[in-house]
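Under the UniProt record's numbering, residues 1 to 117 are what the sequence shown spells out, in order. For each residue, glycine too, the CB sits at the ideal point set by N, CA and C. Encoded as structure tokens, the structure appears first; notes follow it.
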Amino acid sequence: MYAQQVYVESGIVNSEFRFLNSKYERLEHLIDGSNNFWSLGYRDQFLNKRFKSYAGLRYATYSSIGSIKELNTYLEWKVNYLELQTGIEFKLLSLPNVFIKNNKEAFFFITGNFWFT
Numbered sequence: 001m002y003a004q005q006v007y008v009e010s011g012i013v014n015s016e017f018r019f020l021n022s023k024y025e026r027l028e029h030l031i032d033g034s035n036n037f038w039s040l041g042y043r044d045q046f047l048n049k050r051f052k053s054y055a056g057l058r059y060a061t062y063s064s065i066g067s068i069k070e071l072n073t074y075l076e077w078k079v080n081y082l083e084l085q086t087g088i089e090f091k092l093l094s095l096p097n098v099f100i101k102n103n104k105e106a107f108f109f110i111t112g113n114f115w116f117t
């Protein structure tokens, strides 16, 4: 069976921020953030039944929290991105939900917050 697909996806994004201080040392005590993402796009057959090309938009939030004990400070980052996605999916097995995905994305920064106390 062959069909084009309009897809809507949602899920959880786990993000890791790696920041360096002025001495190029990694900031310790940063905790990865978990946030939501939403995707909307179009998927169609490409070459044969095992390949599909797709294009879509994704809205995602990334975050991290931490502290610098020596300075008695609390840090928090939260940023929102709109992502333009294009790529090719390859169906590895004949299971309904197993595939390998290779994509290219362009990210557009929308909003962000940084708290330092």
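Query: So within the segment 30-66, which uninterrupted beta strand (DSSP E) runs reach at least 3 residues, ignoring any that extend past its ends?; Result: 30-46
Query: With DSSP as the reference, identify every bridge partner of F107, one or two as the case may be.; Result: E83
Query: Mapping the DSSP letters down to three states, classify L75 as helix, strand or coil.; Result: strand
Query: State yes or no: is the C-beta of G33 within less than 7 Å of the C-beta of S10?; Result: no
Query: For Q45, which of G87, G112 and T111 has the nearest alpha-carbon?; Result: G87
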